[in-house]
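K.L.:
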Amino acid sequence: MFRVWFVVLVLASTAESTATTPGRGYVAPEDCEWTAAGSLGSSSVALTCTVRTINGVFDSTNFSLIQPQNTVSLKVKCENVLFESALANNSFHHLKELRSLHVEYCKLKEIPLKAFWGLSELVNLTVRTYNSEWGEIFLKVVPGSLSPLQKLARLDLSRNNMPTLTPSLMCSLPNLQHLNLSYNDFSEVVNLGFAATNRTPCPVHVQHLDLTMNRLKVLTDHGFSALRHLRTLYLRSNRISRAEDTALFGLGKLQILDLSNNLLIALPPGFLKGSEMLSELYLQNNSMSVLPPGLFSGLQQMMILDLSHNSLSSQWLNGDTFADMTRLVVLDLSYNKLSHLESATFRSQYSLQVLQLHHNELVSIADNAFSSLYNLQTLVLTNNNLTYIDALTFTGLQMLMVLSLDFNSIQAIHSEALKNCTNLQELNLNVNKLIEVPKTIKFLQQLRSLDISNNRISVISNASYQGLRVLYSLRLAGNSIGNLSKGVFEDLPSIRILNLANNNVQSIEQGTFDEVPELHALRLDSNLISDINSLFINLHDLLMLNISANRISWFDYALIPIGLQWLDVHDNQIETLGNYYELESVLKLRTLDASFNKITDIEATSLPNSIEILFLNNNLIKNIRPFTFLGKQNLTRVELKSNLLETLEMNAFRLSEIPSRRPLPEFTVSDNPYVCDCNMEWLQRMATLDESRQYPRMTDIEEIMCSLTFKRKDSVVPLTRAQSSQFLCGYKSHCFALCHCCEFDACDCEMVCPENCTCYYDQSWNTNIVDCGGKRHTSVPRKIPMDVTELYLDGSDIPTLSSHTFIGRKNMKILYLNNSNVHTIDNRTFNGLRDLLVLNLDHNRLTALHGYEFERLVHLQELYLSHNMVATISNVTFMALKSLEILHLDHNYIVHFQVWLLNNNPRLQEIKLAYNSWTCDCYFIAEMKEFLHLKGDYVRDMYDLECHYNHSSSHYLLDFNTTACSNFTATAMRREFDLSEMIPIVIIASTVVVVVIIIVVLIVFFRKEMGVWFYAKYGIRLFQGGKGRASQRGGGDEDKLFDAFVSYSKKDEAFVTQILAPELECGVPTYRLCLHYRDLPVGGYMSDAIMEAMESSRRTILILSENFLKSEWCRYEFKSAHREVLSACQHRLLVIALGKVDPQELDPDIRLWMKQSPVLRWGEKQFWDRLKYAMPDVRHRKTERNRNDVSVAVHI
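The C-terminal residue of the sequence shown carries number 1277 in the numbering used here, and the numbering is unbroken.
#1: Helix or strand or just coil, what does DSSP make of H651?
#2: Could you compute how far the alpha carbon of S611 sits from the alpha carbon of G811?
#3: Please work out which residues of its chain come closer than 7 Å, Cβ to Cβ, to A1142, disregarding the five sequence neighbours upstream and downstream, and give them in chain order.
#4: If we ignore side chains and look at the alpha-carbon of each, how far apart do L353 and R323 end up?
#5: If you count every other CB in all the chains shown that lies within 10 Å of the CB of L163, and 16 or more means buried, which is it?
#6: Going by C-alpha to C-alpha distance, which of R718, L725, K418 sits closest to I702?
#7: Determine whether the beta carbon atoms of N241 and V208 lie at a separation below 8 Å.
#8: Find out if the Cβ-Cβ distance for the pair K856, C834 is shorter than 8 Å.
#9: On the three-state DSSP scale, how would you describe P799?
#10: Leaving out five residues before and five after Q844 in sequence, what residues of the same chain have Cβ atoms less than 6 Å from its Cβ?
#11: Write down the C-beta distance between P746 and L716 rounded to the nearest angstrom, noting that I regard them as a contact closer than 8 Å.
#12: So, helix, strand or coil for V371, using DSSP?
#13: Within the continuous beta strand (DSSP E) that includes M1175, where are the two ends?
#14: Using DSSP with H/G/I as helix, E/B as strand and the rest coil, what is E665?
#15: In whole angstroms, what is the alpha-carbon distance linking K221 and A127?
#16: What's the gap between the Cα of R774 and the Cα of Q714?
#17: To the nearest angstrom, how far is it from the Cα of L393 to the Cα of I494?
#18: DSSP state of L230, grouped into three classes?
#19: Looking only at DSSP bridge pairs, what is S356 linked to?
#20: With respect to the beta strand (DSSP E) encompassing C1155, which residues constitute its N-terminal and C-terminal limits?
#21: With burial defined as no fewer than 16 other Cβ atoms inside 10 Å of the residue's Cβ, what is the status of T1151: buried or exposed?
#22: Taking 6 Å as the limit between beta carbons, can you name the residues of its chain near N837, skipping five residues before and five after?
#23: Could you give the distance in angstroms between the alpha-carbon of A1218 and the alpha-carbon of W1249?
#24: Can you give me the start and stop residues for the beta strand (DSSP E) that R1232 sits inside?
#25: Work out the CA separation of P707 and M731 for me, nearest whole Å.
#26: How many whole angstroms separate the CB atoms of K188 and N170, which I take to be in contact at a CB cut-off of 8 Å?
#27: Classify M786 as helix, strand or coil using the three-state DSSP reduction.
#28: One question on the structure: do S1186 and S1130 come within less than 8 Å of each other, judged by their Cβ atoms?
#29: If you draw a straight line from the alpha carbon of L962 to that of L882, how long is it in whole angstroms?
#30: Let me know if N1267 comes out buried or exposed under the rule of 16 or more other beta-carbons within 10 Å of its beta-carbon.
#31: Return the CA-CA distance between H41 and N367, expressed in angstroms with no decimal places.
#32: Taking 7 Å as the limit between beta carbons, can you name the residues of its chain near A472, skipping five residues before and five after?
#33: Taking the C-alpha atoms as reference points, what is the distance between N660 and N699?
#34: Quick one: residues in its chain with C-beta nearer than 7 Å to the C-beta of F1005, no 5 flanking neighbours on either side, listed in chain order?
#35: Measuring only the C-alpha atoms, how far is T142 from G106?
#36: Look up Q765 in the DSSP assignment and say whether it is helix, strand or coil.
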């Protein structure tokens, strides 16, 4: 029997839980989520669906998948704003229980007739398309589409960009009360369809209408006359500039009208007639300068009137303006142009509680102007021009609690001006011109807050506020108060906040503040105080103390109350945070600002254990003792920026272990003159030290800069980018603990810095630098440490480097011997330096490299031999340097070195070869240019390479035309070279033969220079034989239209039009030019135009630059036209190289043309003479054409 009852009870409880669990068994479609709706235990469901579009181009939305049972709320949100959506008829007909429907962010153009059929229970409908954000699309609501929604109470059609509504749209909605049409595109009231005309025969029951943020400009007659039941009308933030008298006709039940943020200048006198139920009227932020008489007549129900931020003057305020508003509670007239108040202005406002008159131009207030306002509680008169407060100014304000007179020019207040304001609790007189505390304050026995800051008060003894038993806050900052003595604050038992900042206080008598023992906050900052001894020790309840910006030089924690939590002493002259009585464990201080002082040293006792936030920036701190912050369990932030910290011990920032649930304290330590010595490397690793949770997080570690102890390369570097080998300390001598040979000279475990040198080491002794540079040593110093890794002997005077000079220094990686007058290197000088990476021999007097100097330096990566006198280099000199990456041979006297042998150094990345006496031998030049073709990216001074015919003539190697080198020339040069080696044979040879040979050689090698010289001097063209001479003299092209066609990049047009063309077209002789971008037609068939221009010219001048290669030459029609014409052998080409052009970027066509054509470099010697020499002879032109014929001939 017991078992049967147990089973029955279990089944019953299961059935009950199933019935009461909300949404039990409810299945939401894909892309939808459901939540319980309604009260606890209800089975109603609210469904939210996120779709791409509704029936868009790529979507077919089926709302029939939604379960009709229990679905009372549906929100549909579209994600794709690029495609339109469309509501289909009968989309929701099966959702019989639906009471709320939201459709948002769907790009709808229309609501069709049967879109909401079947939703007879719907109460709340929201359709927001946000069409205004997507262009000119607007939502159209088809008439009759809302007819099925008989129970609809709220309709939100905001943000749809709607310009008009069908007049009969709301006819079928008898229960509609709230209508939101804000953020649409309505520009005329008539487009809303709310005028009671024949088009709207049905009544509209809307009570709340929101038309915020539309484009309405004029409120026309009877525009809302159909809204007989309207209570709230929001028209703010439109463009309304005019309203007609009967614009609100029919709105007899209107209670709230908001016309703020419009362009109204005035309202007609009868505008509010017929709206006597109005209780709130908002007209702020307009441009109203006129209040016509009778505008507010009959508004006995008005409670809130806001006229702020207009341009109203006092002439429109009189006794009749607000006469009927007897129930007015809040009146805001701030930010207008009122200059005075009449005594009858507010005579009827018996119920007024808040009056805002601030930011006007009030100069005077008539006696008894506020006498009728016996319920007024807040009166704000700040930012006016009042100068005097009379005895009758505030008569009748018995209930006044807050009076603000800040920012006026008040010089005096009558002694009985506030006599009747017995309930006043807050009085603000900040920023006026008072010279004493007003005597009328003594009547204010309920006053709790008094602000007389920023006046001209100098004496506060026997001030009128004494005796105010409930005064809580007293602000006297920004006056001229001098020294303080006992008694100035007596009989103020409730004072808790006292502000005396920014005065002239120099000294304070001991016991002055004992009269206010319950003080919580005290400000004495920006005064001239130098001694605070015994001033605050009896203020046991003091929580906040500010004594910053004074002249305090001595400070001890014994001077402040134990319970103080916030202390500001910044901008003083404090040198030490004293703690003579070791109070750090009993103090309650949580925030301490001691910045901008002269503190030099901090230790654990300098900071209370309770400290949370600490500011010590902009001091003179040089030393932070170890474990200074250990035990400060509550620490969250420490500022140590802009001090004089150079080095820090690792334990200086050591903390007690921080629990994982709390964030690490944040320290800022940048803007200090840190020295990155061997003891500072730990600071770089602060990010990894965080893992122990015993060190703070350095928030500005990326900003920390430190100076290096060894400053040859970088003197100051960011801490995070410094290499571990750069954290160095200096030493004179060092002997390792296990070393037993320190007394012997050749001991390899003793470190002795040579005399007149400076030595450095890192913490692990992996780096050992010896710097003897600039000391003019005459020999390599003795006792160079065996473990030296970097040796600097530059600036010495060591003519000979003998054998085994550096023997035993097997760890040396860098050796500088530059500028040391080295003449000779022995074949075993660098023996033993097996790990040497950098060898600098610049600026010495080496004359030859025989091949054995560097043969053992197999790991050498950088070799500098610039600025020597090297004339010969053995072909095997660099063979063994397989790791070589940088080789500098520039500024020597090298004539013939097989540079292409450097291809055997596979890692070479940087070479310098310029400013040598390279030979112009054809074979050598050919090989050299081939090498440059392969390694041009690595030869940094490739464009400065020159070869020399003799001591007086040179030629840029890249411009050297190797095709001009004949066998005869090569033979002659080799013969000249042989003769120089066979002196006896040369002497026996005939002088005549020698002279002939010299003449022939000169003519052959310098024929171009001679031809240019004769042409420039005498106008005679020499050495232009064969086809060249025929071309110069005409050769059939003397009747061509132009002398030259100039092809160039648009980006080089300034050079062509301002330099090249004027010289050739206006100089002597005068050439006819066709410029690509000046004379050719724009658009059309560019290829044909270029070909015709080139064929009509005796020469083509190609301006070769990086701009040309990257722009014009990349265009197919441009390149094809040039290639077709220049392929003809008869056409002559001139190339002018403008700027540096990388040979690697030249394609085969241009290379071929440059080999076959004259190449000139802009800026070289005799540029203009060489150019004109290469141009055709203008004397053989058959006809002369003027400039105006050019474009006609080209534009075909």
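We put the CB at the ideal spot given by N, CA and C, even for glycine. If you're wondering where the values come from, they're calculated on a predicted model, not measured in any experiment.
P.N.:
Put simply:
#1: Position 570 of the sequence shown holds residue 651. Residue state, collapsed to three classes: coil.
#2: Taking the sequence shown and counting its residues from 1, one reaches residue 611 at position 530. Taking the sequence shown and counting its residues from 1, one reaches residue 811 at position 730. Taking the straight line joining both Cα atoms gives about 44 Å.
#3: Within the sequence shown, the letter at position 1061 stands for residue 1142. Answer for A1142: L1154, L1156, listed in chain order.
#4: Position 272 of the sequence shown, counted from the start, is the residue given in the question as residue 353. Position 242 of the sequence shown, counted from the start, is the residue given in the question as residue 323. Their Cα atoms are separated by approximately 14 Å.
#5: To locate residue 163, count along the sequence shown from 1; it is residue 82. L163 is exposed by the Cβ-count criterion.
#6: Position 621 of the sequence shown holds residue 702. Answer by Cα proximity: L725.
#7: Counted from its first residue, the sequence shown places residue 241 at position 160. Counted from its first residue, the sequence shown places residue 208 at position 127. Closer than 8 Å, so yes.
#8: Along the sequence shown, read from residue 1 onward, the residue named residue 856 stands at position 775. Along the sequence shown, read from residue 1 onward, the residue named residue 834 stands at position 753. No, the pair does not count as a contact, with Cβ atoms beyond the cut-off.
#9: As a first step, residue 799 must be located in the sequence shown, where it is residue number 718. Here P799 sits in strand by DSSP.
#10: Start at 1 with the first residue of the sequence shown, and residue 844 comes out as number 763. Closer than 6 Å at the Cβ level, and outside the excluded window around Q844, lie C759.
#11: Within the sequence shown, residue 746 is the residue found at index 665, counting from 1. Within the sequence shown, residue 716 is the residue found at index 635, counting from 1. The pair is a contact, with the Cβ atoms about 5 Å apart (cut-off 8 Å).
#12: Taking the first residue of the sequence shown as position 1, residue 371 is located at position 290. Looking at V371 - three-state DSSP - the assignment turns out to be coil, as it is neither helix nor strand.
#13: Locating residue 1175 in the sequence shown gives position 1094, counting from the first residue. Not the beta strand (DSSP E): M1175 falls in the alpha helix (DSSP H), residues 1167 to 1176.
#14: Counting from one through the sequence shown, the residue named residue 665 turns up at place 584. Correct three-state label for E665: coil.
#15: As a working note, residue 221 is residue 140 in the sequence shown. As a working note, residue 127 is residue 46 in the sequence shown. Spanning the two alpha carbons is a distance of roughly 28 Å.
#16: What you label residue 774 is simply residue 693 of the sequence shown in a count that begins at 1. What you label residue 714 is simply residue 633 of the sequence shown in a count that begins at 1. C-alpha separation (whole angstroms): 12 Å.
#17: Taking the sequence shown and counting its residues from 1, one reaches residue 393 at position 312. Taking the sequence shown and counting its residues from 1, one reaches residue 494 at position 413. One C-alpha to the other measures close to 28 Å.
#18: Counted from its first residue, the sequence shown places residue 230 at position 149. L230: coil per DSSP, three-state reduction.
#19: As a working mapping, residue 356 is identified with position 275 in the sequence shown. In DSSP, S356 forms no bridge with anything.
#20: One-based indexing of the sequence shown puts residue 1155 at position 1074. Here the beta strand (DSSP E) through C1155 covers 1154 to 1156.
#21: Along the sequence shown, read from residue 1 onward, the residue named residue 1151 stands at position 1070. With fewer than 16 Cβ atoms within 10 Å of its Cβ, T1151 is classed as exposed.
#22: By 1-based counting over the sequence shown, the position of residue 837 is 756. The residues are K856.
#23: As a position in the sequence shown, residue 1218 is number 1137, starting the count at 1. As a position in the sequence shown, residue 1249 is number 1168, starting the count at 1. Spanning the two alpha carbons is a distance of roughly 13 Å.
#24: Counted from its first residue, the sequence shown places residue 1232 at position 1151. Premise fails: R1232 lies in the alpha helix (DSSP H), 1229 to 1237, not in any beta strand (DSSP E).
#25: On the sequence shown, residue 731 is found 650 positions in, with the first residue counted as 1. On the sequence shown, residue 707 is found 626 positions in, with the first residue counted as 1. Cα to Cα, M731 sits roughly 8 Å from P707.
#26: Here the question's residue 188 lines up with position 107 in the sequence shown. Here the question's residue 170 lines up with position 89 in the sequence shown. 19 Å between Cβ atoms; not a contact.
#27: On the sequence shown, residue 786 is found 705 positions in, with the first residue counted as 1. Strand, per DSSP.
#28: Numbered from 1 along the sequence shown, position 1105 holds the residue referred to as residue 1186. Numbered from 1 along the sequence shown, position 1049 holds the residue referred to as residue 1130. Going by C-beta atoms, S1186 is nearer than 8 Å to S1130.
#29: As a working note, residue 962 is residue 881 in the sequence shown. As a working note, residue 882 is residue 801 in the sequence shown. Cα to Cα, L962 sits roughly 20 Å from L882.
#30: Working through the sequence shown from its first residue, we reach residue 1267 at position 1186. With a pLDDT of 44 at N1267, under the threshold of 50, the modelled position of that residue is not reliable, and the figure given next carries that caveat. Exposed is the call here.
#31: This structure cannot speak to residue 41, because the chain is shown only from 82 to 1277.
#32: Position 391 of the sequence shown holds residue 472. Here the set comprises H495, E497, A498.
#33: For the purposes of this step, residue 660 is identified with residue 579 of the sequence shown, where counting begins at 1. For the purposes of this step, residue 699 is identified with residue 618 of the sequence shown, where counting begins at 1. Taking the straight line from one Cα to the other gives about 21 Å.
#34: Here residue 1005 is taken as the residue at index 924 of the sequence shown, counted from 1. Excluding positions up to five away in sequence, the list reads H977.
#35: Position 61 of the sequence shown, counted from the first residue, corresponds to residue 142. Position 25 of the sequence shown, counted from the first residue, corresponds to residue 106. About 23 Å.
#36: In the sequence shown, the residue the question calls residue 765 occupies position 684. Helix, per DSSP.
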